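Engineer: Residue 273 in the working numbering sits at position 82 of the sequence shown, with consecutive numbering throughout.
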Amino acid sequence: MTQPESVNPAAAAAPAPLDVSSLVVGVLGGTGDQGRGLAYRLAKAGQQVVIGSRTAERAVAAAEELGLGVRGADNAACARESDIVIVAVPWDGHAGTLAALREELAGKIVVDCVNPLGFDKQGAYALKPEEGSAAQQAAALLPDSRVTAAFHHLSAVLLQDASIEEIDTDVMVLGEDRAATEIVQALAGRIPGMRGIFAGRLRNAHQVESLVANLISVNRRYKAHAGLRITDV
Numbered sequence: 192m193t194q195p196e197s198v199n200p201a202a203a204a205a206p207a208p209l210d211v212s213s214l215v216v217g218v219l220g221g222t223g224d225q226g227r228g229l230a231y232r233l234a235k236a237g238q239q240v241v242i243g244s245r246t247a248e249r250a251v252a253a254a255e256e257l258g259l260g261v262r263g264a265d266n267a268a269c270a271r272e273s274d275i276v277i278v279a280v281p282w283d284g285h286a287g288t289l290a291a292l293r294e295e296l297a298g299k300i301v302v303d304c305v306n307p308l309g310f311d312k313q314g315a316y317a318l319k320p321e322e323g324s325a326a327q328q329a330a331a332l333l334p335d336s337r338v339t340a341a342f343h344h345l346s347a348v349l350l351q352d353a354s355i356e357e358i359d360t361d362v363m364v365l366g367e368d369r370a371a372t373e374i375v376q377a378l379a380g381r382i383p384g385m386r387g388i389f390a391g392r393l394r395n396a397h398q399v400e401s402l403v404a405n406l407i408s409v410n411r412r413y414k415a416h417a418g419l420r421i422t423d424v
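1) What are the start and end residues of each continuous alpha helix (DSSP H) run of 4 or more residues lying completely inside the segment 304-358, in chain order?
2) Does the separation of the CB atoms of R394 and D335 fall below 9 Å?
3) Rounded to whole angstroms, what's the CA-CA distance from G237 to H344? Just pull it up for me.
4) Rounding to the nearest angstrom, what Cα-Cα distance links E322 and S213 in this structure?
5) How far does the alpha helix (DSSP H) with L406 in it reach, from first residue to last?
6) Kindly indicate which three-state DSSP category T193 falls into: helix, strand or coil?
7) Go to V375, then tell me how far its alpha helix (DSSP H) extends in each direction, as first and last residue.
8) Quick one: Cα of V218 to Cα of R412, how far?
9) Tell me the start and end of each unbroken beta strand (DSSP E) in the segment 236-306 that is at least 3 residues and wholly inside, in chain order.
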């Protein structure tokens, strides 16, 4: 008599991944390296993507370069047309950009991936925003949005390299709204090689954002594009 295969109880109990394939993803700062790379990877995975910029013309030009059905618009239109909005703007423009889009981002899932960093002769170092982190600043400026934090530790070089099929890394996702963080985790999982991992509430975002300074040091020393993996999960 054939014995039944053993089943891992934890695996059997694991819920099916959320289907986020129909959601439109906007990328504010989509003409920069990080934003462009995320837009490319998500569009390649089949997601509908709109990239935003301060001027629609610049966004449209960048979208045409990417192809894959990516559309370009000014930041306000990008926010209005999207279900999930990734914030990938430079730190020095973070507060101003979000404050101007409070109405357009109301009710939306906002994914902040901005890393407040400074640079001097010794390399990169973390900055501490008054609110505690870039993500907490976003939450303060966008009280009607579902603010999360994710996609901090991804190499823009790898994201934009079309010869690379999979990016071997985990994405730490933080937020107060459990349903929103689960959607962002599922979105990260759309990119081959990536996995979204819940990493706490927004009060813990500072150390996640700051870790990028360490990764920059790793990359400079080892000539690499290092990412992160969470073990035993």
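Where is the CB? At the ideal position from N, CA and C, for every residue including glycine.
This structure is a prediction, so every number in the text was calculated from the model and none was measured.
Structural biologist: Per the coordinate set shown:
1) 325-332 and 347-351
2) no
3) 22 Å
4) 34 Å
5) A396 to Y413
6) Confidence is the limiting factor: at T193 the pLDDT is only 48, short of 50, which leaves the residue's position unreliable and the question unanswerable from this model.
7) R369 to G380
8) 31 Å
9) 239-244, 262-265, 275-278 and 300-303
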